[in-house]
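In this note's numbering, the protein residues as written are 27 to 242. We put the CB at the ideal spot given by N, CA and C, even for glycine. Scroll down for the structure; my scribbles are underneath it.
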Amino acid sequence: MFRKLNALLWLRLQVLISNSTLLATLLLPFGLAVLYNEFLNKSGELSTYFLSMSLTMVLSMGSGYMVSIMMAEDKEKRNLKSLILSGVTATEYTFSMLILPLLIMLLGMILLPIYFKVDVSGYLLAYVIYLVLAAISVIFLNLLIGAVSDTQSKAQVYSMFPVFIVSFLPMIALQNDTVQKVLDYSFIGPIVNLLNKKVGKYLFLILVCYLPGYLC
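In structure tokens, the structure reads:
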């Protein structure tokens, strides 16, 4: 199993390196974080806000978008059929899709608070759990998108909606109470509200409730 996973991960890395659009999308949230901090946050007062915004963009563009594109590419180039015929199971394929996006999320989870100089030590455990669960939710959502997309072009179009929702819903919620209520019950609500110090006893439960739906 581990040998197959290593081979699948190597395949994922090769796809990522060879696809300049996918690589640019992956790096975009980190580039925007630098721009936000350098030009819009010179006083440091908006560090927590920009951290929250950057993390949601890493979730949608880094951890999520790449999954649907890679899966659609496997289907378009008939790699998926070849993998199945070579003995790769659905579990192994799913794990190979989870590992790289989770590593990207882990990288953002560690580097972005350091870069924005936001202290998350007071709620570190909740911070890690919420982000990991949110990342898994986004990954499975994009696996569904990849499953229904015959080509990369279709996957790109279908992925735009969740990318927009995950990336920009927190910003819109600041200006609209109705959108804020929607955000509160979404899988990104717990981490956004945690960083904004809106901690509630139901946040963890809301996030966990999204996972069984994707697993089914």
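In the structure shown, THR115 falls within a coil segment according to DSSP collapsed to helix, strand and coil. A straight line joining the alpha-carbon of LEU61 with that of GLU99 spans about 31 Å.
If only complete runs of 3 or more residues are kept, the region 81 to 165 shows no beta strand (DSSP E) anywhere. Rounded to the nearest whole angstrom, the C-alpha separation of MET123 and THR47 is 18 Å. DSSP places LEU200 outside both helix and strand once states are collapsed to three, so it counts as coil.
In the structure shown, GLU64 adopts helical secondary structure according to DSSP, grouped into three states. ALA160 and LEU52 have their C-alpha atoms roughly 17 Å apart. For GLY70, no alpha helix (DSSP H) encloses it, and the DSSP letter there is neither H nor E.
In the DSSP assignment, PHE213 falls outside any alpha helix (DSSP H), carrying neither H nor E. For SER44, the uninterrupted alpha helix (DSSP H) segment begins and ends at 28 to 44.
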